[in-house]
Each structure stands twice: as C-alpha cells, then as structure tokens.
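Colleague: Which chain is which? The protein sequence lines are S and E, in order.
Numbering-wise (my numbering), the first sequence opens with residue 34 and increments by one.
Numbering-wise (my numbering), the second sequence opens with residue 60 and increments by one.
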Amino acid sequence: MAKRSPRPKPQVSPLLAAARELVAKAEAGDEEGTAQVLEQLTRMRGDTLFEELGKLTRQLHESLNSFRTDARLIDIAARKIPDAKDRLGYVISMTEQAAHRTLTAVEGRIPVIGDLQTRAADLRERWGRLRRRRMGAEEFRALSGELDGFLECVEQEMSRTHSELTEVLMAQEFQDLTGQILRRVIDLVHEVEAHLVDLVRLSGEQREESADEQPTGNSEPGGPVIPGHSGADVVSGQDDVDELLSGLGF
Amino acid sequence: MLNKEMKILIVDDFSTMRRIIKNLLRDLGFNNTAEADDGKTALPQLQSGRFDFLITDWNMPAMNGLDLLKAVRADPKLAGLPVLMVTAEAKRDQIVEAANAGINGYIVKPFNAVTLKEKIEKIFERIEANA
Chain S
34 MAKRSPRPKP
44 QVSPLLAAAR
54 ELVAKAEAGD
64 EEGTAQVLEQ
74 LTRMRGDTLF
84 EELGKLTRQL
94 HESLNSFRTD
104 ARLIDIAARK
114 IPDAKDRLGY
124 VISMTEQAAH
134 RTLTAVEGRI
144 PVIGDLQTRA
154 ADLRERWGRL
164 RRRRMGAEEF
174 RALSGELDGF
184 LECVEQEMSR
194 THSELTEVLM
204 AQEFQDLTGQ
214 ILRRVIDLVH
224 EVEAHLVDLV
234 RLSGEQREES
244 ADEQPTGNSE
254 PGGPVIPGHS
264 GADVVSGQDD
274 VDELLSGLGF
Chain E
60 MLNKEMKILI
70 VDDFSTMRRI
80 IKNLLRDLGF
90 NNTAEADDGK
100 TALPQLQSGR
110 FDFLITDWNM
120 PAMNGLDLLK
130 AVRADPKLAG
140 LPVLMVTAEA
150 KRDQIVEAAN
160 AGINGYIVKP
170 FNAVTLKEKI
180 EKIFERIEAN
190 A
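1. Give the residues of chain E in contact with S:G261, contact being defined as C-beta atoms less than 8 Å apart.
2. Could you tell me which residues DSSP pairs with E:M144 in its beta bridges?
3. Identify, in the order they occur along the chain, each residue of the same chain with its Cβ nearer than 7 Å to the Cβ of S:R216, setting aside the five sequence neighbours on each side.
4. In angstroms, rounded to a whole number, what distance separates the CA positions of E:P169 and S:D108?
5. Could you spell out the range, first to last residue, of the alpha helix (DSSP H) harbouring S:I109?
6. Using only CA atoms, which one of S:D155, S:E60, S:Q73, S:G141 lies nearest to S:L49?
7. Just tell me which of E:N189, E:L87, E:G164 has its CA closest to the CA of S:E276.
8. Apart from the five residues on each side of it in sequence, which residues of its chain come closer than 8 Å, Cβ to Cβ, to E:G98?
9. List the DSSP bridge partners of S:A68.
10. Which residue marks the beginning of the beta strand (DSSP E) containing S:E206, and which one marks its end?
11. Find the nearest neighbour of E:I67 within the set E:A172, E:K136, E:I179, judged by alpha-carbon distance.
12. In angstroms, rounded to a whole number, what distance separates the CA positions of S:I114 and E:L102?
13. Mind pulling the chain E residues with CB within less than 7 Å of S:P254?
14. Using a Cβ cut-off of 7 Å, pull out every chain S residue sitting near E:T92, in sequence order please.
15. Only counting the same chain, and skipping five residues up and downstream in sequence, which positions put a Cβ closer than 6 Å to that of E:G88?
16. Using beta carbons (cut-off 7 Å, strictly below), is S:D266 in contact with chain E?
17. List, in chain order, every chain E residue whose beta-carbon is nearer than 8 Å to that of S:H133.
18. So what does DSSP say about E:E184, is it helix, strand or coil?
19. With DSSP as the reference, label S:I259 as helix, strand or coil.
20. What are the residues in the region 188 to 219 of chain S lying within 7 Å of chain E by C-beta distance?
21. Residues bridged to E:I18 by DSSP?
22. Would you report the Cα separation of E:E156 and E:K181, rounded to the nearest angstrom?
See the structure below:
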C-alpha cells in the first residue's frame with residue numbers, strides 16, 4: 034500500500050524500518066529497546082509465514098475441489114453422456130415406431146371407410162327408389178342381396194376399425210416412457226451445466242452472464258420453434274409466414 | 060383446375076413426415092407421388108423422373124432443402140419446377156432467404172391439411188396466371 038508520505042524521501046518497508054531501529058537501539062546500548070524490536074521483527078516474520086500458509090491452503094483446497102469436479106466430469110463424459118445418447122436414440126426409435134403404427138392403422142382404414150361411404154350412398158339412392166315404388170322385382174332382389182352383403186361388410190369392417198383404433202390408442206403409450214427418459218436426460222444436462230459453471234468459476238475467469246450472442250448465420254437451420262423460446266426474428270405461425278411472403282410479392 | 064395426375068416428389072428425412080404428406084396428398088386426390096430422404100437422393104430422382112411438383116423439408120442431413128432448391132433452380136431442365144417448402148425452420152431471415160432462392164410456397168411445421176391444400180392451389184393458380 035503506497036500511502037502518500039509527506040516526506041520527500043523514498044518509502045521504507047516496515048521490515049527495513051525495524052532493522053534500522055534495531056541497529057540504532059543496539060548502537061545506543063538500549064538493551065530493553067533492542068529486545069523489543071527483535072521481538073517485533075520475529076512477529077513480523079511469523080505473520081508473513083501465516084499469510085503464505087493461508088495462500089497455500091486455499092490453493093490446495095481449490096485444487097482438490099477442482100479435482101473432484103474433474104472426476105465427476107470424467108464420469109459424466111465416460112458413462113453418463115453415452116448413456117444419455119442411447120436413451121435419446123431410444124426416444125427417437127420409440128416415437129418413430131408409434132408414428133408408423135398409427136399411420137399403418139389409419140392408412141388401412143381410410144380406403145375401407147371411403148368404400149363403405151360410396152356403397153352406402155349408392156344403396157341409399159336405390160332404397161329411396163324402392164320406397165317411392167319405382168323399382169322392379171328383379172332390381173329389388175338385387176338390392177336386397179346387396180343390402181345383406183353391405184350390412185355384413187359394415188359389421189365386419191366396424192369390428193376391424195374398432196381394433197385398429199385400439200391399436201392407435203395403444204401406440205400412444207410411448208409418451209409415458211419417452212417423457213420419463215427425456216426428464217432424466219434433462220437432469221443430466223442440468224448436472225453438466227452446474228459442473229461446467231463450477232469449473233469456469235475455479236478457473237477464475239470473469240464472464241458476463243448470458244451475453245446476447247448471435248452464433249448462427251442466416252441459413253443455419255435452427256430447428257423447430259419451441260413455445261416461449263422464440264425471439265422477434267422467428268415467425269409465430271403460418272399467418273406470419275404468409276404475411277412476410279406477401280410483403281415480398283408472393 | 061389442378062392436374063390430379065401430376066407427379067410429386069416428397070423430400071423429408073423423417074419417414075413418418077413423408078407418410079403424413081403422402082396421405083394428405085392422396086386425400087386431395089394426388090396419387091402419383093414418390094419419396095426421397097434428403098436433397099442428395101432427391102436431385103437424381105428429379106433429374107431423371109419428370110416430376111411436376113417438389114415438396115421438400117429444409118433441415119436434412121446430406122443436402123438440405125435450400126441447397127436442393129438452389130440446385131433445382133440452377134439446373135436448366137428443372138429450373139421451372141414448382142417447389143413448396145414444408146419445414147420447421149421459422150426464422151424470418153430464413154424465409155426471406157428461401158424466397159430469394161426461388162421458393163414457390165413456404166409452410167411452417169406444425170401444419171395442417173387445409174394449409175397444404177391452400178398453398179398447392181395458390182402455387183398452381185399463380186403458375187397458370189403467369190403462363
């Protein structure tokens with residue numbers, strides 16, 4: 034601490050000052066004074082030692098801490114991250130399977146339902162003619178046979194539709210499992226984040242929190258928009274897209 | 060009137076999304092469809108397949124939809140092919156970039172059947188009006 038001294042002569046360290054005093058006292062034959070200054074000097078040396086010891090202790094403590102963090106990070110890198118990747122891969126395959134199960138069931142039903150609809154419309158028209166008594170006996174026999182077949186078909190197809198809808202229902206069970214897996218991966222991400230923050234703090238680097246960065250270029254795909262995470266540079270839906278494009282002459 | 064016989068290529072890296080779009084197109088009366096899982100496999104199909112319409116995702120592994128669009132516009136034989144982008148990419152800059160690269164329509168995911176129908180109709184109305 035360089036306090037401004039009123040005297041023009043250079044600053045003298047407390048140690049040097051004490052040493053000079055010791056010499057002065059000794060030369061003057063002041064035994065009591067000499068002993069006092071000696072004691073003072075010893076104390077000063079002790080203080081410096083304690084100070085150094087304190088510094089060393091702190092460094093040791095921090096090193097141990099950082100070593101502990103390193104060990105946890107090594108564990109995360111070696112074991113937990115690969116595990117999390119496997120889990121996320123499993124989420125992708127489960128959701129994909131569920132989507133395909135659902136799509137297969139739906140794709141199977143759509144043409145059947147379209148066919149029944151067409152046949153029902155045809156039969157209804159002919160049934161109407163019968164009720165208005167505009168149908169010959171021959172045609173009636175044909176209609177009645179077809180009605181039989183149609184009703185039987187409806188019965189069968191509705192039963193199949195029922196089981197396909199149950200299949201669609203059951204395909205949604207992935208949500209429970211993927212939800213649990215994703216939650217665990219999120220926990221892991223939090224853990225990694227906490228350890229990285231620890232490391233950054235230990236390295237003593239001062240960093241401004243969440244500086245607004247623009248890491249990606251324009252054409253860098255940003256992926257799906259997550260509600261509540263979109264900035265002003267992101268459209269909020271199809272209406273926004275249409276408005277933007279119509280402004281460009283679309 | 061829309062030509063229901065037109066040949067459409069659906070490009071998306073997710074097979075489920077391709078199936079969904081294919082089913083929606085079938086519902087709209089378009090049965091003549093083919094699929095590709097990214098731009099790199101789509102381009103040779105387009106070059107040899109006489110397609111009338113391209114529906115593509117943006118974010119795909121080997122060649123993304125924007126690069127596919129640029130490749131299509133740069134190829135004299137394909138340059139006039141109508142392209143509809145169906146993507147989760149929702150940044151304004153990206154949409155403007157796609158527009159500048161020559162997109163005919165842009166649908167942001169999640170989307171629905173009505174939007175798909177409207178955009179396809181609009182694209183071909185405009186093409187007819189300019190013809």
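C-beta: ideal position from N, C-alpha, C; glycine also.
Keep in mind it's a predicted model, so treat the numbers as computed, not measured.
Modeller: Let me spell this out:
1. Translated into the one-based positions of the first sequence, residue 261 of chain S becomes position 228. The contacting residues do not exist; S:G261 stays about 14 Å from chain E at best.
2. Here residue 144 of chain E refers to the residue found at position 85 when the second sequence is read from its first residue. Its beta-bridge partners are E:T115, E:Y165.
3. On the first sequence, residue 216 of chain S is found 183 positions in, with the first residue counted as 1. Excluding residues within five positions, none has a Cβ falling inside 7 Å.
4. One-based indexing of the second sequence puts residue 169 of chain E at position 110. One-based indexing of the first sequence puts residue 108 of chain S at position 75. About 39 Å.
5. Residue mapping note: residue 109 of chain S aligns to position 76 of the first sequence, counting from 1. Premise fails: S:I109 is in no alpha helix (DSSP H) and is neither H nor E.
6. Counting from 1 along the first sequence, the entry for residue 49 of chain S is found at position 16. When only C-alpha atoms are compared, the closest one is S:Q73.
7. In the first sequence, the residue the question calls residue 276 of chain S occupies position 243. Closest by alpha carbon: E:G164.
8. On the second sequence, position 39 is the one that residue 98 of chain E refers to. Answer for E:G98: V70, T115, M119, A121, M122, N123, G124, D126, L127, A130, listed in chain order.
9. Position 35 of the first sequence, counted from the start, is the residue given in the question as residue 68 of chain S. For S:A68, DSSP assigns no beta-bridge partner whatsoever.
10. Numbered from 1 along the first sequence, position 173 holds the residue referred to as residue 206 of chain S. It is not in any beta strand (DSSP E) - S:E206 carries neither H nor E in the DSSP assignment.
11. In the second sequence, the residue the question calls residue 67 of chain E occupies position 8. When only C-alpha atoms are compared, the closest one is E:I179.
12. Start at 1 with the first residue of the first sequence, and residue 114 of chain S comes out as number 81. Start at 1 with the first residue of the second sequence, and residue 102 of chain E comes out as number 43. Rounded to the nearest angstrom, the two C-alpha atoms are 37 Å apart.
13. Here residue 254 of chain S corresponds to residue number 221 of the first sequence, with the count starting at 1. Going along chain E in sequence order, the residues near S:P254 (Cβ under 7 Å) are W117, N118, N123, E148.
14. Position 33 of the second sequence, counting from 1, holds the residue named residue 92 of chain E. Within 7 Å Cβ-Cβ: nothing; E:T92 doesn't reach chain S, min ~13 Å.
15. As a first step, residue 88 of chain E is located in the second sequence; it is residue number 29 there, counting from the start. Result list for E:G88: K63, in chain order.
16. Locating residue 266 of chain S in the first sequence gives position 233, where the first residue counts as 1. Against chain E, the CB of S:D266 has a partner CB under 7 Å away; the residue lies at that interface.
17. Residue 133 of chain S sits at position 100 when you count from the first residue of the first sequence. By Cβ distance, chain E contributes S74, T75, R78.
18. The residue given as residue 184 of chain E occupies position 125 in the second sequence. Helix.
19. Here residue 259 of chain S refers to the residue found at position 226 when the first sequence is read from its first residue. Taken through DSSP and simplified to helix, strand or coil, S:I259 comes out as coil.
20. none
21. Because chain E spans 60 through 190 in this model, residue 18 of chain E falls outside it and cannot be assessed.
22. Counting from one through the second sequence, the residue named residue 156 of chain E turns up at place 97. Counting from one through the second sequence, the residue named residue 181 of chain E turns up at place 122. So the alpha carbons of these two residues sit roughly 20 Å apart.
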